[in-house]
Amino acid sequence: MRKPFIVANWKMHKTVQESADFVKAIKDHLPDPEKVEVGIAGQAFALYSMHEAAAKSGLRIIAQNAAPQLSGPFTGEISMRGLSQAGVSHVMLGHIERRRLFNETNEAVHQKVETAIMTGLTPIICTDETMVQREMNGEIHYVLKQLQSVLHGVSLDQIRDIIISYEPSWAVGVGQRANTALAEEGCRQIRRMIADIYTYEIADKIRILYGGSVNPKNIQEIMAKPDIDGVLIGRASLDVDNFLAMVNYQQ
Ligand code: PEP
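Final position of the sequence shown in this note's numbering is 245; the numbers increase by one with none missing.
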């Protein structure tokens, strides 16, 4: 059984105080961590305060990005080793906004995946896809090629803990989600590719999330799909009540 994982991506929203207050407001209302895992990707400067506020709640504290290098003269970058000491357990890599706005390449994401593994952070690898790419023939070749390149050299042992997020860019941040069948099909094709590269056993265990305009009204329908193991939520995760409604979608 793959444990559902509900992840908030706050992007460049919320101050330190607002982030910690949000965590304090939700921490006693989270689902049983044995049944559903919940995480929040906050802004880097707020992560340690969120970690402290989350004490013993099981809430995962997630970074939105980090440098591929371990340390050194890289002014303005954020080190994964530092993040892991600040209570961060996961790092999002290759989010569509990083790729589109900051020219992040597959090679850069690949290097970050290696560094995350080395420093003990769990990578959440995000993919990117335009409507044109998806409509070519219903297949998600573009996403699969992206993943092949990012996962190059990742071993059978290392892939087990990696999380992949299928995020069609035409559904991210626009309030118009992919229809559930398309979202499921995208995740299914990614799982099939993992089985081809690795093994069926790994493909059966690895968690694949869907991201793109998830909200309290559509989360149940999305989470009911067999190949969707969780969701990455942007806008709808910024409000305490909305977020609690989504993480408790099973109730
Ligand atoms: C995201 O930023 O990863 C995302 C899925 O955003 P939204 O839910 O707003 O589409």
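Every residue gets a Cβ at the ideal spot worked out from N, C-alpha and C, and that includes glycine. Since this is a predicted model, take the numbers as computed values, not measurements.
Query                                                                                                               : Result
Integer Cβ distance of Leu203 from Leu238, believed to fall under 8 Å                                               : With a Cβ gap of about 19 Å, Leu203 and Leu238 do not count as contacting.
Short Cβ contact (7 Å threshold) for Phe(-1) with Glu31                                                             : yes
Through-space distance from Arg92 to Glu98, alpha-carbon basis                                                      : 6 Å
Ile118 Cβ short of 6 Å to the ligand PEP heavy atom set                                                             : no
Through-space distance from Cys120 to Asn100, alpha-carbon basis                                                    : 11 Å
Check whether Pro270 and Asn242 have beta carbons under 7 Å apart                                                   : Examination of residue 270 is not possible in this model, given that the chain is present from -5 through 245 alone.
Residues that Pro162 bridges to, as DSSP identifies them                                                            : Glu123
Nonlocal neighbours in the same chain, by C-beta distance under 7 Å from Glu123, ignoring five residues either side : Ile134, Tyr136, Val137, Pro162 and Ser163
Thr69, buried or exposed, once every other Cβ within 10 Å from all chains shown has been counted against 16         : exposed
Endpoints, the alpha helix (DSSP H) within which Ile153 is located                                                  : Leu150 to Ile153
Rounded Cβ spacing between Met44 and Gly36 (contact assumed at less than 8 Å)                                       : 5 Å
Length of the line joining the Cα atoms of Lys21 and Asn236                                                         : 14 Å
Backbone CA spacing between Val82 and Gly205 [nearest angstrom]                                                     : 21 Å
Opening and closing residue of the beta strand (DSSP E) in which Tyr243 lies                                        : That residue, Tyr243, is in no beta strand (DSSP E); it is neither H nor E in DSSP.
Nearest-angstrom beta carbon gap, Ala110 and Leu141 [assumed within contact, 8 Å]                                   : The Cβ separation is near 15 Å, so there is no contact.
Which listed residue (Phe39, Lys29 and His23) has its alpha carbon closest to that of Glu12                         : Phe39
DSSP beta-bridge partners of Glu31                                                                                  : Phe(-1)
Opposing strand residues paired with Val225 [DSSP bridges]                                                          : Ile0 and Tyr204
From Ile118, Val144, Ile216 and Ile156, residue whose alpha carbon lies closest to that of Glu179                   : Ile216
Three-state class that DSSP yields for Leu138 in the structure shown                                                : helix
Three-state secondary structure assigned by DSSP to Leu53                                                           : coil
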